[in-house]
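Participant: Numbering (our numbering), first residue to last: 11 to 349. Quick reminder that beta carbons are idealized off the backbone N, C-alpha and C, glycines included.
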Ligand code: DAH
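1. If you draw a straight line from the alpha carbon of residue 33 to that of residue 83, how long is it in whole angstroms?
2. Output the distance between the C-alpha atoms of residue 161 and residue 148, rounded to the nearest integer angstrom.
3. Could you tell me the alpha carbon to alpha carbon distance between residue 316 and residue 296, rounded to whole angstroms?
4. Please check the pair residue 19 and residue 46, which I expect to be a contact at CB under 8 Å, by giving their CB distance rounded to whole angstroms.
5. If we count Cβ pairs, one from each stretch, closer than 8 Å, do we get three or more for the stretch 107-117 versus the stretch 314-333?
6. Could you compute how far the alpha carbon of residue 330 sits from the alpha carbon of residue 338?
7. Is it the case that the stretch 167-174 contacts the stretch 279-297, given that we only count it when at least three CB pairs across the two stretches are under 8 Å?
8. If we count Cβ pairs, one from each stretch, closer than 8 Å, do we get three or more for the stretch 195-207 versus the stretch 273-283?
9. Between the C-alpha atoms of residue 13 and residue 67, what's the straight-line distance to the nearest angstrom?
10. Considering only C-alpha positions, which residue in the set 233, 262, 227 and 139 is nearest to residue 201?
11. So does residue 314 have its beta carbon nearer than 7 Å to some heavy atom of the ligand DAH?
12. Tell me which same chain residues have a C-beta within less than 7 Å of the C-beta of residue 6, skipping the five on either side of it?
13. Return the CA-CA distance between residue 110 and residue 343, expressed in angstroms with no decimal places.
14. Output yes or no for whether 8 Å exceeds the beta carbon distance between residue 214 and residue 319.
15. Taking only runs of the beta strand (DSSP E) that begin and end inside the stretch 284-338, which ones reach a length of at least 3 residues, in chain order?
16. Nearer than 7 Å: is that true of the beta carbon of residue 196 relative to any heavy atom of the ligand DAH?
17. Output the boundary residues of the beta strand (DSSP E) element that contains residue 101.
18. Examine the Cβ distances between the stretch 243-251 and the stretch 260-275 and report whether three or more of them are shorter than 8 Å.
19. Note down the Cα distance separating residue 98 from residue 81, rounded to an integer number of angstroms.
20. Quick one: measure Cβ to Cβ for residue 125 and residue 238, integer angstroms, because I've assumed they're closer than 8 Å.
21. Near residue 251, what residues of its chain come up, given a Cβ to Cβ distance below 6 Å and the 5 sequence neighbours on each side ignored?
22. Using CA coordinates, which residue listed in 180, 189 and 274 is at the minimum distance from residue 313?
23. Within 10 Å of its beta-carbon, does residue 189 have 16 or more other beta-carbons around it, so buried, or fewer, so exposed?
24. Ordered along the chain, which non-local residues of its own chain (more than five positions away) have a Cβ less than 6 Å from that of residue 311?
25. Can residue 121 and residue 217 be called in contact, C-beta distance under 8 Å?
26. So, at 8 Å on beta carbons, what are the nonlocal neighbours of residue 300 in its own chain, with the 5 sequence-adjacent residues on each side left out?
27. Sorry if obvious, but does the Cβ on residue 259 come closer than 7 Å to a heavy atom of the ligand DAH?
28. Rounded to whole angstroms, what is the Cα-Cα separation between residue 42 and residue 78?
29. For residue 143, count neighbouring C-beta atoms within 10 Å of its own C-beta (all shown protein chains included) and say buried if the count is 16 or more, exposed if not.
30. Curious, which full-length beta strand (DSSP E) runs of at least 3 residues does the stretch 176-237 contain?
31. Need the endpoints of the beta strand (DSSP E) that residue 262 sits in, please.
32. For the beta strand (DSSP E) containing residue 352, list its first residue and its last residue.
33. Grouping DSSP H, G and I as helix and E and B as strand, with all else coil, what is residue 140?
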């Protein structure tokens, strides 16, 4: 028996397993009820009395060694398994589907960014407006066609509540709530009662600019707009101001830029003129300043209003205005690379 015990002691000290199954087989072989060690314990009763002490000690030593060695190997396998189950932080993550900014937002953000660099801050106003802020304060005569239901969406009449037809309404809001110096940019959505086609929509977007201070002149307006045109369309861009009429500015002008599609050579987009109109502007009419509580003898200022869809067309050549509001992912996806 003693020999068998030393043999097993030797075996147990060398035992090894490559996986949990092999380890379990070892446990069964040595430690289960019918295993090698248990059967030695069963035979123990046959050991002569004077040897019992020594053999008993050896047997216990064998059992402890086997139990410890198996527990040790099990701990190793458990640790390996835990490691394998842990999340792999070095794995390349699943690509996340990133959304895209709407092209009109991209262009609006760029316009805001350009003007913010020369000191303009943002002002916003409501889309549902009253007649005074959209028309009366801005010097529209009572019989002006814009006040007609055919051009403007009215929500109620008397008192007139309507969807603003232009972001110039934010001018009247800013001027009645603060004194100059005022230098604001007012981006927003506007509504007009127009039949929807590739070139007209019942809603679109504008950015209004307003600068009121002492000694503001038309030259300041022209410089600001030239700077904008070059920043937006490139250094080579030229501007042209044509006399025009708006009730709220005097003098008024419309601004063209040299067509950035053909470089001024003449193409279908600019109808072979080499120029495309991008905005309306002028010196704020003193009557508007007075209506809004600003002293027109002390202050003067300029204003301009540009259409975001128009600028977006020029930048991204979107031919059909309806694309902007149809939510077609095939269209919107194309702006993924833009920031
Ligand atoms: N509000 C005008 C429009 O909707 C655009 C405009 C023209 C705004 C001249 C201005 C301006 O501030 O000075 O057509």
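Facilitator: Taking the geometry as given:
1. As a first step, residue 33 is located in the chain shown; it is residue number 23 there, counting from the start. As a first step, residue 83 is located in the chain shown; it is residue number 73 there, counting from the start. Looking at the two C-alpha atoms, the distance is approximately 8 Å.
2. If you number the chain shown from 1, residue 161 lands on position 151. If you number the chain shown from 1, residue 148 lands on position 138. Each residue's alpha carbon lies about 17 Å from the other.
3. Locating residue 316 in the chain shown gives position 306, counting from the first residue. Locating residue 296 in the chain shown gives position 286, counting from the first residue. Within the model, the alpha-carbon separation for residue 316 versus residue 296 is close to 22 Å.
4. Residue numbering aside, residue 19 sits at position 9 when the chain shown is read from its first letter. Residue numbering aside, residue 46 sits at position 36 when the chain shown is read from its first letter. Between residue 46 and residue 19 the Cβ distance is about 11 Å, and since that is not below 8 Å, they are no contact.
5. They touch, by the three-pair rule.
6. Position 320 of the chain shown, counted from the start, is the residue given in the question as residue 330. Position 328 of the chain shown, counted from the start, is the residue given in the question as residue 338. The alpha-carbon atoms of residue 330 and residue 338 are separated by roughly 13 Å.
7. Output reads no: the stretch 167-174 does not touch the stretch 279-297.
8. Result no; under three Cβ-Cβ pairs closer than 8 Å.
9. Numbered from its first residue, the chain shown carries residue 13 at position 3. Numbered from its first residue, the chain shown carries residue 67 at position 57. Their backbone Cα atoms lie some 14 Å apart in a straight line.
10. If you number the chain shown from 1, residue 201 lands on position 191. Comparing Cα positions, the closest option is 139.
11. The residue given as residue 314 occupies position 304 in the chain shown. Yes, the beta carbon of residue 314 sits closer than 7 Å to at least one heavy atom of the ligand DAH.
12. Outside the displayed span of the chain (11 to 349) sits residue 6, for which this structure offers no information.
13. Taking the first residue of the chain shown as position 1, residue 110 is located at position 100. Taking the first residue of the chain shown as position 1, residue 343 is located at position 333. About 6 Å.
14. For the purposes of this step, residue 214 is taken as residue 204 along the chain shown, with counting starting at 1. For the purposes of this step, residue 319 is taken as residue 309 along the chain shown, with counting starting at 1. The answer is yes: Cβ separation under 8 Å.
15. Complete beta strand (DSSP E) runs here, min 3: 285-294 and 310-317.
16. The residue labelled residue 196 in the question sits at position 186 within the chain shown. Checking the Cβ of residue 196 against the ligand DAH gives no.
17. Against the chain shown, residue 101 aligns to sequence position 91. Boundaries cannot be given for residue 101, as no beta strand (DSSP E) includes it and DSSP labels it neither H nor E.
18. Yes, the stretch 243-251 is in contact with the stretch 260-275.
19. Along the chain shown, read from residue 1 onward, the residue named residue 98 stands at position 88. Along the chain shown, read from residue 1 onward, the residue named residue 81 stands at position 71. The C-alpha of residue 81 is placed about 28 Å away from the C-alpha of residue 98.
20. Working through the chain shown from its first residue, we reach residue 125 at position 115. Working through the chain shown from its first residue, we reach residue 238 at position 228. Their Cβ separation, rounded to whole angstroms, is 7 Å, which keeps residue 125 and residue 238 in contact under 8 Å.
21. Position 241 of the chain shown, counted from the start, is the residue given in the question as residue 251. Excluding five sequence positions before and after residue 251, the CB atoms of its chain that fall closer than 6 Å to its own CB belong to 263 and 265, given in chain order.
22. Looking up residue 313 in the chain shown gives position 303. Out of 180, 189 and 274, 180 has the C-alpha closest to the C-alpha of residue 313.
23. Numbered from its first residue, the chain shown carries residue 189 at position 179. Classification for residue 189: exposed.
24. On the chain shown, position 301 is the one that residue 311 refers to. Leaving aside the five residues that flank residue 311 on each side, the residues in its chain whose CB is nearer than 6 Å to its CB run, in chain order, 221, 222, 226 and 294.
25. By 1-based counting over the chain shown, the position of residue 121 is 111. By 1-based counting over the chain shown, the position of residue 217 is 207. Yes.
26. Translated into positions along the chain shown, residue 300 becomes position 290. Taken in chain order, the residues that qualify are 306.
27. Your numbering for residue 259 matches position 249 in the chain shown. The answer is yes for residue 259.
28. The residue given as residue 42 occupies position 32 in the chain shown. The residue given as residue 78 occupies position 68 in the chain shown. Whole-angstrom Cα-Cα distance: 14 Å.
29. For the purposes of this step, residue 143 is taken as residue 133 along the chain shown, with counting starting at 1. By the neighbour-count rule (16 or more Cβ atoms within 10 Å), residue 143 is buried.
30. Every beta strand (DSSP E) of 3 residues or more that sits fully in the stretch 176-237 is shown, in chain order, as 192-201 and 213-223.
31. Translated into the one-based positions of the chain shown, residue 262 becomes position 252. Bounds of the beta strand (DSSP E) holding residue 262 are 259-268.
32. A query on residue 352 cannot be resolved here, the shown segment of the chain reaching from 11 to 349 and no further.
33. Position 130 of the chain shown, counting from 1, holds the residue named residue 140. Assignment of residue 140 by DSSP, reduced to helix, strand and coil, places it in the strand class.
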